[in-house]
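Each residue of the sequence shown is one higher than the one before, starting from 0 at the first, in numbering that gives the first Met the number 0. Ideal Cβ placement from N, Cα and C applies to all residues, glycine included. Since the structure is predicted, the reported quantities are computational estimates derived from the model, not experimental observations. Here the structure comes first, spelled out in structure tokens, and everything after it is commentary.
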Amino acid sequence: MKLVFVRHGDPDYVHDALTPKGKVEAEILSGRIAKMRVRDFYCSPLGRAQETAAYSLKKIGREAAMCDWLREFPGYIIDEQTGNRRIPWDLMPGDWTKKPRLYEKERWLEEPLMQTGDVKEVYARVCDGMDGLLARYGYVRDGGMYRTQGGNEDTLVFFCHLGVTFAIMSHLIGLSPVMLWQGFFVAPTSVTTLVTEERIPGEVFFRCTGLGDISHLYEAGEEASKSGFFEEMR
């Protein structure tokens with residue numbers, strides 16, 4: 000099985016929509032998606048993801064199922080300095096690197112900062128959502144891997160967001176999501192691919208074969224958006 004995660008196009012976060020550039024990106028992306036043999040499409044309920052998906056779905060005459068757990072990771076923590084709510088996947092290196100548990104797959108949720116809000120509950124909901132969907136295709140979670148009585152070559156495409164994609168990846172390949180949230184970036188309309196590997200019959204693990212690929216933008220001569228990536232201070 001192949002899982003393809005597509006980040007939405009360049010966003011207008013205020014209106015939960017695409018910017019004019021994001022619309023250009025989504026149209027370019029649609030040509031790439033149209034060439035894929037896709038069994039099913041899934042989409043976040045948020046506007047920027049739905050608008051991105053619409054370009055591809057209209058081109059091929061398909062529809063996508065909406066999954067609430069695919070919305071941008073909505074968990075929150077309480078800022079240690081201000082006491083205000085903030086997202087848990089955008090931390091400053093001077094803070095999170097001093098918290099060793101955040102590096103660990105089994106302990107990141109034990110870090111007191113991650114216990115100040117609802118991150119544990121939201122992460123569980125996202126993981127359960129993905130596991131429930133995979134079970135429908137014959138892949139059942141068993142500890143840190145999956146089991147199947149008969150694998151398949153289906154391709155599933157998910158139109159969603161950076162934060163939730165990395166949360167799902169952390170669950171599938173067994174990493175602390177903090178390391179993905181803080182150490183990796185996927186640009187708008189980028190394509191991230193995970194493929195099942197079944198070296199022993201019935202025992203399945205996912206491997207990432209492509210992270211944040213934007214070759215479709217390069218081929219079209221369209222510069223990639225840096226939305227969500229913060230360069231060095233000048």
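Kindly identify the DSSP beta-bridge partner or partners of L193. L2, C207
Neighbour-count burial assignment, R84, 16 or more Cβ in a 10 Å radius: exposed
Quick one: what's got a C-beta closer than 6 Å to D39's C-beta in the same chain, skipping five residues either side? L155
Report the three-state DSSP secondary structure of D130 (helix, strand or coil). helix
Look at the Cβ atom of A16, then the Cβ atom of E50, and state whether they are nearer than 8 Å. yes
Measuring straight from C-alpha to C-alpha, what distance separates I32 and K58? 9 Å
Does L155 come out as helix, strand or coil in the three-state DSSP assignment? strand
Going by DSSP, what residue range makes up the alpha helix (DSSP H) through Y54? 46-59
Return the chain-ordered list of same chain residues with a C-beta closer than 6 Å to the C-beta of A52, the five sequence neighbours on each side being excluded. C42, A63, F158
Closest Cα partner of L133 within the set E26, F184, G150: G150
Verify whether the separation of the beta carbon atoms of L171 and F205 is less than 8 Å. yes
Roughly how many angstroms separate the alpha carbons of E222 and D130, rounded to a whole number? 35 Å
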